[in-house]
Amino acid sequence: SKDMPTQLPDGLELSAFLPREDARGAFVGKAAKTIAELPRGAKVGSSSLRRQALIRRMRPDLDVVMFRGNVQTRLRKLDEGVAAGTILAYAGLKRLGLEHVVTDLIPLDVFPPAPGQGAIGIETRIGDRDVEKMLAAVHDVPTGQALACERAFLAALDGSCRTPIAGYAAIEAGKLSFAGLIISPDGTQSHTVELQGPAQDAARIGGEAARSVRARAGEKFFDGWL
C-alpha cells in the first residue's frame with residue numbers, strides 16, 4: 117500500500133485491507149551482516165529517498181548509491197558486487213519466500229517505514245455495495261485504521277514532494293499510537309512526532325501529526341531538496 121498514490125482517482129477508494137505483514141526494513145548484507153558492521157566507505161544500494169536518508173543518518177561515512185530493479189535484480193547486483201548491502205521491505209521478501217537472504221531486521225524506531233509498508237489494500241468503486249459485502253469477509257479493521265492514519269499523515273505533508281517521509285501506526289485494544297518522521301535527503305536534519313488516541317480517530321490523528329511536524333520544521337524544510 118506504500119505504492120498507492122496519496123490521492124486516488126475520483127470515484128475510487130481503498131475499501132479493504134488484508135492483515136498487515138511485518139513493516140520492518142530488512143538489511144541484506146554481503147560485506148557485513150548489519151549496517152553498523154559495514155566497513156567505512158562501503159557502498160549501500162537503495163532507490164528509496166527515505167532509505168537513503170536513514171542510511172546516511174545512521175552511517176554518514178557510507179557511500180549510498182542508487183539501486184533500481186525488482187527484488188531479484190537487486191539481489192543479483194549484490195552478488196555481482198555492485199553494492200555491499202541493500203535494504204528491502206521485509207514484507208516483500210517474506211511474500212516472495214526470500215526471508216533467508218536477510219542478514220539483519222532493523223527495528224522500526226531505528227528505521228521507520230514508509231506509510232503503508234507491509235499492507236495490501238483493495239481499491240474499489242465508491243458506493244459499490246455488492247463488492248463491499250464481499251470484501252467485508254477479508255477486511256482487517258486494525259490494518260485499515262493504521263493505514264487511514266498513515267495515509268492522512270502523508271497526504272497532509274504532500275507525499276509527492278521530495279522530502280523523505282516515514283510513518284507507522286500501531287493499534288492495540290482500540291488505541292492507536294503513531295510515530296512520524298520527516299528527514300532531509302542527506303540525513304542531517306529530521307523532525308519526529310508521536311501521537312496517541314482512539315483508533316476510530318485514525319485519520320484525524322494522522323492529519324494532526326502532520327500539522328504538528330510541519331509547524332516545527334517550517335515550510336522551508338519542504339522546499340529545495342532536489
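Going by the numbering used here, the sequence shown opens with residue 117, and the numbers climb by one from there. All residues carry an ideal CB built from backbone N, CA and C; glycine is no exception.
Taking the C-alpha atoms as reference points, what is the distance between I64 and D179?
-> As displayed, the chain neither begins before 117 nor continues past 342, which places residue 64 out of reach and without an answer.
Could you pull out every residue in the same chain whose Cβ sits closer than 8 angstroms to the Cβ of I222, ignoring the five residues on either side in sequence?
-> Numbered from 1 along the sequence shown, position 106 holds the residue referred to as residue 222. Closer than 8 angstroms at the Cβ level, and outside the excluded window around I222, lie R140, G141, A142, F143, I151, I203.
Taking 8 angstroms as the threshold, find out whether the region 263–272 comes into contact with the region 321–335 through three or more Cβ pairs.
-> yes
C-beta contact flag for A199 and G161 at 8 angstroms | Position 83 of the sequence shown, counted from the first residue, corresponds to residue 199. Position 45 of the sequence shown, counted from the first residue, corresponds to residue 161. Going by C-beta atoms, A199 is nearer than 8 angstroms to G161.
L134 versus V254 - alpha carbon distance = Within the sequence shown, the letter at position 18 stands for residue 134. Within the sequence shown, the letter at position 138 stands for residue 254. Between L134 and V254, the C-alpha separation is close to 6 angstroms.
With 16 other Cβ atoms within 10 Å as the buried cut-off, status of P176 = Walking along the sequence shown from the start, residue 176 turns up at place 60. Exposed is the call here.
Taking buried to mean at least 16 other C-beta atoms within 10 Å of its own C-beta, is T304 buried or exposed?
-> If you number the sequence shown from 1, residue 304 lands on position 188. Exposed is the call here.
Residues that E129 bridges to, as DSSP identifies them = For the purposes of this step, residue 129 is taken as the residue at position 13 of the sequence shown. Looking at the DSSP assignment, E129 forms a beta bridge with T240.
What residues are listed by DSSP as bridge partners for H255?
-> Start at 1 with the first residue of the sequence shown, and residue 255 comes out as number 139. Partner(s): none; H255 has no beta bridge.
P231 burial status per 10 Å Cβ neighbour count (16 or more: buried) = Counted from its first residue, the sequence shown places residue 231 at position 115. With 16 or more other Cβ atoms within 10 Å, it is buried.
Whole-angstrom C-beta distance between E239 and L130, which should lie under 8 angstroms = Walking along the sequence shown from the start, residue 130 turns up at place 14. Walking along the sequence shown from the start, residue 239 turns up at place 123. Confirmed, about 6 angstroms.
Alpha carbon to alpha carbon, how far is L191 from G243?
-> The residue labelled residue 191 in the question sits at position 75 within the sequence shown. The residue labelled residue 243 in the question sits at position 127 within the sequence shown. Those two C-alpha atoms are separated by around 43 angstroms.
For L212, collect the residues of the same chain with a Cβ closer than 7 angstroms to its Cβ; drop the 5 residues on either side in sequence, then sort them by chain order.
-> Locating residue 212 in the sequence shown gives position 96, counting from the first residue. Taken in chain order, the residues that qualify are V187.
Unbroken beta strand (DSSP E) runs of length 3 or more, entirely within the region 276–307: which are they?
-> 281–288, 291–299
Would you report the Cα separation of D195 and L128, rounded to the nearest angstrom?
-> Translated into the one-based positions of the sequence shown, residue 195 becomes position 79. Translated into the one-based positions of the sequence shown, residue 128 becomes position 12. One C-alpha to the other measures close to 42 angstroms.
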